[in-house]
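In full-length UniProt numbering, the protein residues as written are 1 to 138. Ideal Cβ positions, reconstructed from N, Cα and C, are used throughout, including at glycine. Predicted model only: the values in this text are computed from it and were never measured. A quick write-up on the structure given underneath.
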Amino acid sequence: MAYWLLKSEPDAWSWDQMVKAGAKGTAWTGIRNHTAKLNMMKMKKGDRGFFYHSNIGKEIVGIVEVIKEAYPDPTAKAGEPWVCVDVKAVEALPRPVTLAAIKAEPKLADIQVLKQSRLSLPAITDAEWKLVRKMGGL
DNA sequence: GCCAACGTTGGC
DNA sequence: GCCAACGTTGGC
């Protein structure tokens, strides 16, 4: 199983909306970056991801699960190569993990989230996943 | 194929 | 609101 981080501006799509979407989840559309696209195409059903609020909050607030693997993004123009996946909310973190906390943790110095801060869908390693979960109170 | 200009993202 | 990072576009 692989791990990911999904960024969303809560103004556009928040964790609350993700939870309300329930077991049906939502299509993670709108990715327009090739690195993020490649990550998305690696995502398998059952993979988990952190749900991160960018700009407002700047913290990891929950965990989502991939329920449908990459397929053509319906919001892309015809002929464009973009894809999306479906994800559903799994559980909230008892204590959100802020960007500041990630930066302050020496073991997370190499996390892709920090290395490529503009990437909207970075990968998370097994070790990083376990550590951030623990920092979040799980 | 290189690189400057420009647009966008996201942290501060 | 500003700025750094960085992806994309377009001229050469």
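Within the UniProt domain "EVE" (2-135), the complete beta strand (DSSP E) runs of at least 3 residues fall at 3-8, 48-53, 59-72 and 83-98.
Residue THR26 holds the alpha-carbon nearest to the alpha-carbon of PRO74 among ALA2, THR26 and GLU128. At a Cβ-Cβ threshold of 8 Å, TRP4 and ILE124 count as neighbours. A direct Cα-to-Cα measurement between VAL113 and GLY46 gives close to 21 Å. Taking 8 Å as the cut-off, the beta carbon of ILE63 is found closer than this to the beta carbon of ARG48. Selection VAL90, MET40 and LYS37 evaluated against ASP16 yields VAL90 as nearest (Cα-Cα). The criterion of a C-beta distance shorter than 8 Å is not satisfied by GLU65 and THR98. The C-beta separation of SER120 from ALA36 comes to about 5 Å, placing the pair in contact by the 8 Å criterion. If you check the CB distance, TYR71 and LEU6 do not come in under 8 Å.
Between LYS88 and ALA21, the C-beta gap is smaller than 8 Å, which places the two residues in contact.
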